[in-house]
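2 protein chains.
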Amino acid sequence: MSGTLYGIGIGPGDPELLTLKAVRLIAACPVLAWPAPLQGDGLARTIAAPHIPAGKTEIAIRLSFRPERDDTDDAYDCGAATIAGHLEQGRDVAVLCEGDPLFFGSFIYLMTRLSGRFPIQVVPGIASPMAAAAVALHPLSTLEDAVALIPATRPEAEIERLLQAAESAVIMKIGRHLPKVRRVLDRLGLTHKALVVERATQDAQRLIPLADAAEAPYFSLILVHA
Amino acid sequence: MSGTLYGIGIGPGDPELLTLKAVRLIAACPVLAWPAPLQGDGLARTIAAPHIPAGKTEIAIRLSFRPERDDTDDAYDCGAATIAGHLEQGRDVAVLCEGDPLFFGSFIYLMTRLSGRFPIQVVPGIASPMAAAAVALHPLSTLEDAVALIPATRPEAEIERLLQAAESAVIMKIGRHLPKVRRVLDRLGLTHKALVVERATQDAQRLIPLADAAEAPYFSLILVHA
Numbered sequence: 001m002s003g004t005l006y007g008i009g010i011g012p013g014d015p016e017l018l019t020l021k022a023v024r025l026i027a028a029c030p031v032l033a034w035p036a037p038l039q040g041d042g043l044a045r046t047i048a049a050p051h052i053p054a055g056k057t058e059i060a061i062r063l064s065f066r067p068e069r070d071d072t073d074d075a076y077d078c079g080a081a082t083i084a085g086h087l088e089q090g091r092d093v094a095v096l097c098e099g100d101p102l103f104f105g106s107f108i109y110l111m112t113r114l115s116g117r118f119p120i121q122v123v124p125g126i127a128s129p130m131a132a133a134a135v136a137l138h139p140l141s142t143l144e145d146a147v148a149l150i151p152a153t154r155p156e157a158e159i160e161r162l163l164q165a166a167e168s169a170v171i172m173k174i175g176r177h178l179p180k181v182r183r184v185l186d187r188l189g190l191t192h193k194a195l196v197v198e199r200a201t202q203d204a205q206r207l208i209p210l211a212d213a214a215e216a217p218y219f220s221l222i223l224v225h226a
Numbered sequence: 227m228s229g230t231l232y233g234i235g236i237g238p239g240d241p242e243l244l245t246l247k248a249v250r251l252i253a254a255c256p257v258l259a260w261p262a263p264l265q266g267d268g269l270a271r272t273i274a275a276p277h278i279p280a281g282k283t284e285i286a287i288r289l290s291f292r293p294e295r296d297d298t299d300d301a302y303d304c305g306a307a308t309i310a311g312h313l314e315q316g317r318d319v320a321v322l323c324e325g326d327p328l329f330f331g332s333f334i335y336l337m338t339r340l341s342g343r344f345p346i347q348v349v350p351g352i353a354s355p356m357a358a359a360a361v362a363l364h365p366l367s368t369l370e371d372a373v374a375l376i377p378a379t380r381p382e383a384e385i386e387r388l389l390q391a392a393e394s395a396v397i398m399k400i401g402r403h404l405p406k407v408r409r410v411l412d413r414l415g416l417t418h419k420a421l422v423v424e425r426a427t428q429d430a431q432r433l434i435p436l437a438d439a440a441e442a443p444y445f446s447l448i449l450v451h452a
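Taken in sequence, the protein lines are chains S and C. Quick note: the first sequence uses my numbering, first residue 1, plus one each step. Quick note: the second sequence uses my numbering, first residue 227, plus one each step.
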């Protein structure tokens with residue numbers, strides 16, 4: 001009997017925004033894996049820390065975290081192989097995933113590598129658009145609104161087309177793309193309605209009207225409703 | 227000192243998908259309010275039931291639940307007035323919200339009516355697109371994918387334009403709009419990739435390839451990745 005691979009959404013940062021199911025499975029699984037930078041624990045391990053009992057086997061999946069990283073990283077091959085070793089021995093493995101595992105989550109790359117060989121279950125988590133909307137008291141959508149979730153890494157014309165197609169938008173992964181995004185929102189007359197939310201629900205959380213934002217970190221997003 | 231109004235996301239249906247923060251605040255608030263049909267408890271109250279201690283004051287906000295309901299319903303005025311009475315007396319009020327409070331949530335209509343008069347906090351919840359993706363093991367987005375969240379109530383041409391602008395889409399509130407959505411997906415050659423998810427994480431959950439779906443309830447959605 002092989003173990004089960006769990007992708008566990010741990011939410012945006014506040015350790016109280018884990019679900020009961022996430023907390024139960026983290027406690028129950030003997031092996032935990034988490035994406036991390038080349039050194040240190042990384043955000044996922046830090047968010048989940050209050051809920052991790054002593055005595056777990058832990059696997060750090062060391063990623064270079066290029067903003068537009070691809071899925072060919074050797075770290076995923078290596079992490080998947082280590083995880084597979086535990087699953088083959090019948091040990092359940094919980095992968096800690098910031099936000100939601102299947103929404104821009106690195107869990108997808110592990111799932112792809114291990115799919116078909118082992119049972120897989122995903123526990124959804126609070127995704128960053130909902131976390132940012134909550135701290136900003138910003139309605140994402142009512143009635144017939146369409147919502148576009150847009151990586152700021154996209155070309156300028158494509159961001160514009162998506163913003164024109166939907167009533168509500170969340171532009172993610174801002175970082176060095178702030179000037180480009182600002183140009184598009186300026187052209188559409190939306191800058192005065194746009195809010196930058198940095199690190200929603202984390203200690204370093206900040207909310208800044210786009211008009212006043214000089215820069216924005218990679219882990220920030222812009223909320224705008226036309 | 228007035229009380230605080232809490233909008234509490236309680237997730238898609240599985241009572242284990244409440245966050246720790248939601249459970250804590252439901253236990254702490256003396257007054258609970260929840261949207262409900264004209265008779266009975268409704269889904270939000272049912273999902274949260276295992277986490278509701280005895281002795282709460284409860285306010286049912288009775289809605290007619292027309293699929294494209296507007297925000298002029300007298301029930302919101304009446305519910306907001308009752309809630310305001312408790313807040314003025316210094317009692318905190320937790321509004322139970324299926325999914326996430328600010329993503330197609332009726333909490334938005336209460337927040338609009340009470341904003342500026344009382345402190346308001348929102349606890350984000352697991353939204354239905356993430357819940358459906360989890361049970362289907364369906365990656366919503368990687369790298370530079372844009373995701374469109376589209377009410378099926380929209381006109382056919384607008385659904386088509388949104389689907390063409392984004393790599394990934396979740397089409398919500400299907401119900402009687404199934405034939406229209408199927409026509410659009412057929413035209414775009416996406417029907418064979420589309421999955422209908424009904425009542426994700428609830429006991430009555432069903433997953434059906436769109437090609438095999440004869441009908442779909444209002445609380446179903448379609449996942450499709452181009």
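Cβ coordinates follow ideal geometry from the N, Cα and C atoms, glycine included.
Is the beta carbon of Val348 of chain C sitting closer than 9 Å to the one on Phe333 of chain C?
-> yes
Where do the N-terminal and C-terminal ends of the beta strand (DSSP E) with Tyr76 of chain S fall, by residue?
-> That residue, Tyr76 of chain S, is in no beta strand (DSSP E); its alpha helix (DSSP H) goes Asp74 to Glu88.
To the nearest angstrom, how far is it from the Cα of Ala286 of chain C to the Cα of Arg271 of chain C?
-> 9 Å
Top-ranked residue by Cα proximity to Pro435 of chain C, from C:Thr427, C:Leu449 and C:Pro443 = C:Leu449
Beta-carbon spacing of Gly9 of chain S, Met356 of chain C below 9 Å = yes
Any chain C beta carbon closer than 9 Å to Tyr76 of chain S = no
Determine the DSSP secondary structure at Phe103 of chain S, reduced to helix, strand or coil.
-> strand
Considering only residues of the same chain and omitting the five flanking positions on each side of Ile83 of chain S, which have a CB-CB separation below 8 Å?
-> Leu5, Val31, Ala33, Ile59, Val93, Val95, Leu110 and Leu114
According to a CB-to-CB cut-off of less than 8 Å, which residues of the stretch 369-390 of chain C neighbour chain S?
-> Leu369, Glu370, Asp371, Ala372, Val373, Ala374, Leu375, Ile376, Pro377, Thr379, Arg380, Glu384, Arg387 and Leu388
Cβ-based neighbour list, Pro151 of chain S, same chain, cut-off 7 Å, excluding 5 preceding and 5 following | Met172 and Lys173
Quick one: Cα of Gly237 of chain C to Cα of Asp145 of chain S, how far?
-> 20 Å
Buried or exposed: Pro405 of chain C, going by 16 or more other Cβ atoms within 10 Å of its Cβ?
-> exposed
Kindly list, in the order they appear in chain S, the residues whose Cβ is closer than 9 Å to that of Leu411 of chain C.
-> Neighbours of Leu411 of chain C on chain S: none; closest Cβ ~16 Å, over 9 Å.
If you draw a straight line from the alpha carbon of Leu87 of chain S to that of Gly281 of chain C, how long is it in whole angstroms?
-> 46 Å
Coil, strand or helix - Leu449 of chain C by DSSP | strand
Quick one: grab the DSSP three-state call for Leu375 of chain C.
-> strand
Classification of Cys78 of chain S by the beta-carbon crowding that lies within 10 angstroms, buried from 16 upward = exposed
Pairwise C-alpha distance: Leu18 of chain S and Arg24 of chain S = 10 Å
Chain C contact for Glu215 of chain S (CB, 9 Å cutoff) = no
Among residues of its own chain, excluding the 5 on either side of Arg183 of chain S, which ones have a beta-carbon nearer than 8 Å to its beta-carbon?
-> Glu156
Partner residues on chain S for Lys247 of chain C, Cβ-Cβ distance less than 8 Å | Asp14, Glu16 and Leu17
Of all Cβ atoms in chain C, is any one closer than 9 Å to the Cβ of Leu207 of chain S?
-> no
Same chain, Cβ closer than 7 Å to Pro217 of chain S, neighbours up to 5 away in sequence not counted | Gly175 and Glu198
Rank S:Leu102, S:Ala22, S:Gly3 and S:Ala133 by C-alpha distance to the C-alpha of Gln205 of chain S and give the top, closest one.
-> S:Ala133
Do you know offhand how far Gln89 of chain S's Cα is from Ser64 of chain S's?
-> 29 Å
Ala274 of chain C versus Asp300 of chain C - alpha carbon distance = 25 Å
May I ask you to report which of helix, strand or coil DSSP gives Gln164 of chain S?
-> helix
Terminal residues of the alpha helix (DSSP H) in which Pro129 of chain S lies = Ser128 to Ala136
Reducing DSSP to helix, strand and coil, say where Thr338 of chain C ends up.
-> helix
Of all the CB atoms in chain C, is at least one closer than 9 Å to the CB of Leu188 of chain S?
-> no
For the alpha helix (DSSP H) that contains Ala22 of chain S, what are its first and last residues?
-> Leu20 to Ala28
Identity of the residue in C:His277, C:Val396 and C:Ala306 nearest Ala374 of chain C by Cα = C:Val396
Any beta-carbon of chain C closer than 9 Å to the one on Arg24 of chain S?
-> yes
Please report the Cβ distance between Ser354 of chain C and Phe104 of chain S, rounded to the nearest whole angstrom; I am assuming they are in contact, meaning their Cβ atoms lie under 8 Å.
-> With a Cβ gap of about 18 Å, Ser354 of chain C and Phe104 of chain S do not count as contacting.
Can you tell me where the alpha helix (DSSP H) with Ala44 of chain S in it begins and where it stops?
-> Gly42 to Ala48
Between the CA atoms of Arg387 of chain C and Ala245 of chain S - distance to the nearest angstrom = For residue 245 of chain S there is no data in the structure shown, the boundaries of chain S being 1 and 226.
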